[in-house]
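Here's the structure we're looking at; comments come further down.
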Amino acid sequence: MSATEERSGVPTEVELFAMPGEDYMSREQLEYFRQLLLAQRRELLEAADASIGELRRRPALADEVDRASSEEEFNVLPADLTDHDGNPGRNVVKCNCVPVSGKPLKCARPMLTLPEPSPDPWWIHGCTRYARGQPRLPMTGALMTALWKNTPSINVYSERAEAFFRQYESIRFEDVHGHWRHCIPSEAGCALDVGSGSGRDARALAALGWRVTAVEPADALRRLAASENGPKGVQWVDSALPRLEGVASSGDGYGLILLSAVWMHLPPASRSQAMTRLSGLLAPSGRLVITLRHGPATDDRTFYPCDRRELDVLALTCGLVPCFEASVGDRLGRGEVSWETVVLVRR
1 MSATEERSGV PTEVELFAMP GEDYMSREQL EYFRQLLLAQ RRELLEAADA
51 SIGELRRRPA LADEVDRASS EEEFNVLPAD LTDHDGNPGR NVVKCNCVPV
101 SGKPLKCARP MLTLPEPSPD PWWIHGCTRY ARGQPRLPMT GALMTALWKN
151 TPSINVYSER AEAFFRQYES IRFEDVHGHW RHCIPSEAGC ALDVGSGSGR
201 DARALAALGW RVTAVEPADA LRRLAASENG PKGVQWVDSA LPRLEGVASS
251 GDGYGLILLS AVWMHLPPAS RSQAMTRLSG LLAPSGRLVI TLRHGPATDD
301 RTFYPCDRRE LDVLALTCGL VPCFEASVGD RLGRGEVSWE TVVLVRR
């Protein structure tokens, strides 16, 4: 039975809105919503069957991250929910949708709110094609990256790109990272600088002979960094943790992965996936360097607490253990802020 046939004899949407106030939740209105829910339930089940069938036809994937990506690509969606190009919600496209903050947002699906826990659970998808308040639906990894790149935590770095660029460039690589520099492998290879900011660290590593992939999700800051003159050997990538989409492992992996002043931007719920992804990119004899920020926020940016015990557990789960650790003061002179550096290697 079609949805139209199933709902015959009940008011249409136009008739529903034309009813007087005293008919609120009348028998006719309740029947309208009952039939609507039945139709949506049937469409969801049909979409689920189609997704399961597609997954069964696909070859089994050994890698956990690849398997999760494959499953997310075929999330359950009602048949009439598509992206803004009319596709079944698989391609990230630009649109004019805005969250409640009023800033432009990339979207791939008629997603109204982020699934919790999320970087900013209060964000509401403002697309006029769909009424606010619809049930949340699963999101793809590509959509999560697009949304994460457009949260206030990232937007602030684009909005004040020049100020942050000058701030980062005011401190030398040696002054910030000199205490762990002896952990850098003696033989230069491929390095990954996640959250590269002004590109100071990426350029310093390139000057040491490393071929650096510099990842920076803040568009304006990345453009400034890429325009700065420096040694060759730095490739800029627009991506973000926890998935680092578009970042490919080079050969046996990266000999050095650096996350300087990045971990505090990751919501705790995303850190396990981030560690798994980073571990998968690390070479067998590589070094993963993570700095943890301790102390209150000194401006309007959002920082999540960094717990060393949490980091150790996540690392151990991925087969990584610390080979070096140190605590240092803040190079910008903020007395209430301190930093903890952890260098991880494979067991």
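Each residue of the sequence shown is one higher than the one before, counting from 1 in the working numbering.
From the three backbone atoms N, C-alpha and C, an ideal C-beta is built for every residue, glycine too.
Report task. Mind checking who Pro322 pairs with in its DSSP beta bridge? Result -> Translated into the one-based positions of the sequence shown, residue 322 becomes position 322. Answer is Leu344, bridged to Pro322.
**Report entry** Spatial distance of Leu344 from Ala161 (CA atoms)
**Finding:** Here residue 344 refers to the residue found at position 344 of the sequence shown. Here residue 161 refers to the residue found at position 161 of the sequence shown. Their backbone Cα atoms lie some 31 Å apart in a straight line.
Query - Cβ pair Arg200, Gly233 closer than 8 Å - result: Mapped onto the sequence shown, residue 200 falls at position 200. Mapped onto the sequence shown, residue 233 falls at position 233. Not a contact, by the Cβ cut-off of 8 Å.
Query raised in the report: Is the CB-CB distance between Ser158 and Ala214 below 8 Å?
Result: Along the sequence shown, one-based indexing puts residue 158 at 158. Along the sequence shown, one-based indexing puts residue 214 at 214. Cβ distance not < 8 Å, so Ser158 and Ala214 don't count as in contact.
Report task. Give a yes or no on contact between the stretch 253-260 and the stretch 183-191, applying the rule of three or more CB pairs nearer than 8 Å. Result -> yes
Requested in this report: Using a threshold of 8 Å, state whether the C-beta atoms of Leu266 and Pro305 are closer than that.
Outcome: The residue labelled residue 266 in the question sits at position 266 within the sequence shown. The residue labelled residue 305 in the question sits at position 305 within the sequence shown. Not a contact, by the Cβ cut-off of 8 Å.
Query - Assigned secondary structure, Ala274 (DSSP; H/G/I helix, E/B strand, else coil) - result: Numbered from its first residue, the sequence shown carries residue 274 at position 274. The answer is helix: DSSP assigns Ala274 an H, G or I state.
Query raised in the report: Around the C-beta of Arg27, are 16 or more other C-beta atoms found within 10 angstroms, so that it is buried, or is it exposed?
Result: As a first step, residue 27 must be located in the sequence shown, where it is residue number 27. By the 10 Å Cβ count, Arg27 comes out exposed.
Query raised in the report: In whole angstroms, what separates the C-alpha of Gly335 from that of Ser327?
Result: Position 335 of the sequence shown, counted from the first residue, corresponds to residue 335. Position 327 of the sequence shown, counted from the first residue, corresponds to residue 327. Spanning the two alpha carbons is a distance of roughly 14 Å.
Requested in this report: For Thr12, count neighbouring C-beta atoms within 10 Å of its own C-beta (all shown protein chains included) and say buried if the count is 16 or more, exposed if not.
Outcome: For the purposes of this step, residue 12 is identified with residue 12 of the sequence shown, where counting begins at 1. Burial call: exposed.
Query - For Tyr254, the residue or residues it bridges with in DSSP - result: Locating residue 254 in the sequence shown gives position 254, counting from the first residue. BP columns for Tyr254 point to Leu282.
Query - Backbone CA spacing between Val176 and Leu45 [nearest angstrom] - result: Indexing the sequence shown from 1 puts residue 176 at position 176. Indexing the sequence shown from 1 puts residue 45 at position 45. About 55 Å.
Requested in this report: Taking Leu292 as the reference, give the member of Ser250, Arg309, Phe17 and Ala47 with the closest Cα.
Outcome: Numbered from its first residue, the sequence shown carries residue 292 at position 292. Of the listed residues, the one whose Cα sits closest to Leu292 is Arg309.
**Report entry** Distance between Met25 and Leu259 (C-alpha atoms, nearest Å)
**Finding:** In the sequence shown, the residue the question calls residue 259 occupies position 259. In the sequence shown, the residue the question calls residue 25 occupies position 25. Approximately 55 Å between the Cα atoms of the pair.
Report task. Would you grab the beta carbon distance between Val337 and Gly295 for me? Rounded to a whole angstrom, and I think it's under 8 Å. Result -> Here the question's residue 337 lines up with position 337 in the sequence shown. Here the question's residue 295 lines up with position 295 in the sequence shown. Yes, Val337 and Gly295 are in contact; Cβ-Cβ is about 4 Å, under 8 Å.
Query raised in the report: Alpha carbon to alpha carbon, how far is Leu332 from Trp339?
Result: For the purposes of this step, residue 332 is identified with residue 332 of the sequence shown, where counting begins at 1. For the purposes of this step, residue 339 is identified with residue 339 of the sequence shown, where counting begins at 1. Looking at the two C-alpha atoms, the distance is approximately 11 Å.
**Report entry** Bridge partners - Trp339, DSSP secondary structure assignment
**Finding:** Numbered from 1 along the sequence shown, position 339 holds the residue referred to as residue 339. Arg293 and Val328.
Query - Nearest-angstrom Cα separation, counted from Thr302 out to Ser239 - result: Sequence index remark: in the sequence shown, residue 239 carries index 239 (1-based). Sequence index remark: in the sequence shown, residue 302 carries index 302 (1-based). The alpha-carbon atoms of Ser239 and Thr302 are separated by roughly 19 Å.
Query raised in the report: Roughly how many angstroms lie between the CA atoms of Ala248 and Gly280, to the nearest whole one?
Result: Residue numbering aside, residue 248 sits at position 248 when the sequence shown is read from its first letter. Residue numbering aside, residue 280 sits at position 280 when the sequence shown is read from its first letter. So the alpha carbons of these two residues sit roughly 10 Å apart.
**Report entry** Element boundaries [beta strand (DSSP E), containing Ala214]
**Finding:** As a first step, residue 214 is located in the sequence shown; it is residue number 214 there, counting from the start. That run of the beta strand (DSSP E) goes Arg211 to Val215.
Query raised in the report: Quick one: Cα of Leu314 to Cα of Glu15, how far?
Result: The residue labelled residue 314 in the question sits at position 314 within the sequence shown. The residue labelled residue 15 in the question sits at position 15 within the sequence shown. When rounded, the distance between both Cα atoms is 56 Å.
**Report entry** Val156, DSSP secondary structure in three states
**Finding:** On the sequence shown, position 156 is the one that residue 156 refers to. Here Val156 sits in helix by DSSP.
Query raised in the report: In or out: Cys127 buried (at least 16 other Cβ within 10 Å) or exposed?
Result: Residue numbering aside, residue 127 sits at position 127 when the sequence shown is read from its first letter. Residue placement at Cys127 is flagged as unreliable, the pLDDT there being 34, under the threshold of 50; the coordinate-derived value follows with that caveat. Cys127 comes out buried.
Query raised in the report: From Ala18 to Glu31, what distance separates their C-alpha atoms?
Result: Looking up residue 18 in the sequence shown gives position 18. Looking up residue 31 in the sequence shown gives position 31. Distance between the alpha carbons of Ala18 and Glu31 is about 16 Å.
Query raised in the report: Going along the chain, which residues of its own chain have a beta-carbon closer than 6 Å to the beta-carbon of Ala204, five neighbours each way excluded?
Result: The residue you call residue 204 lines up with position 204 of the sequence shown. Closer than 6 Å at the Cβ level, and outside the excluded window around Ala204, lie Phe173.
Query - DSSP three-state assignment for Ala237, whether helix, strand or coil - result: If you number the sequence shown from 1, residue 237 lands on position 237. One point to set straight first is that residue 237 is Val, not Ala, in the sequence displayed. Looking at Val237 - three-state DSSP - the assignment turns out to be strand.
Query raised in the report: Which one of Gly21, Ala163, Asp312 and Gly246 has the shortest CA to CA distance from Val289?
Result: Start at 1 with the first residue of the sequence shown, and residue 289 comes out as number 289. Val289 has its Cα closest to that of Asp312, out of Gly21, Ala163, Asp312 and Gly246.
Report task. Please say whether Gly209 and Tyr168 have beta carbons closer to each other than 8 Å? Result -> As a first step, residue 168 is located in the sequence shown; it is residue number 168 there, counting from the start. As a first step, residue 209 is located in the sequence shown; it is residue number 209 there, counting from the start. Their beta carbons are not under 8 Å apart, which means Tyr168 does not touch Gly209 by this criterion.
Query - Euclidean distance between Cα positions of Pro284 and Arg347 - result: Your numbering for residue 284 matches position 284 in the sequence shown. Your numbering for residue 347 matches position 347 in the sequence shown. Taking the straight line joining both Cα atoms gives about 10 Å.
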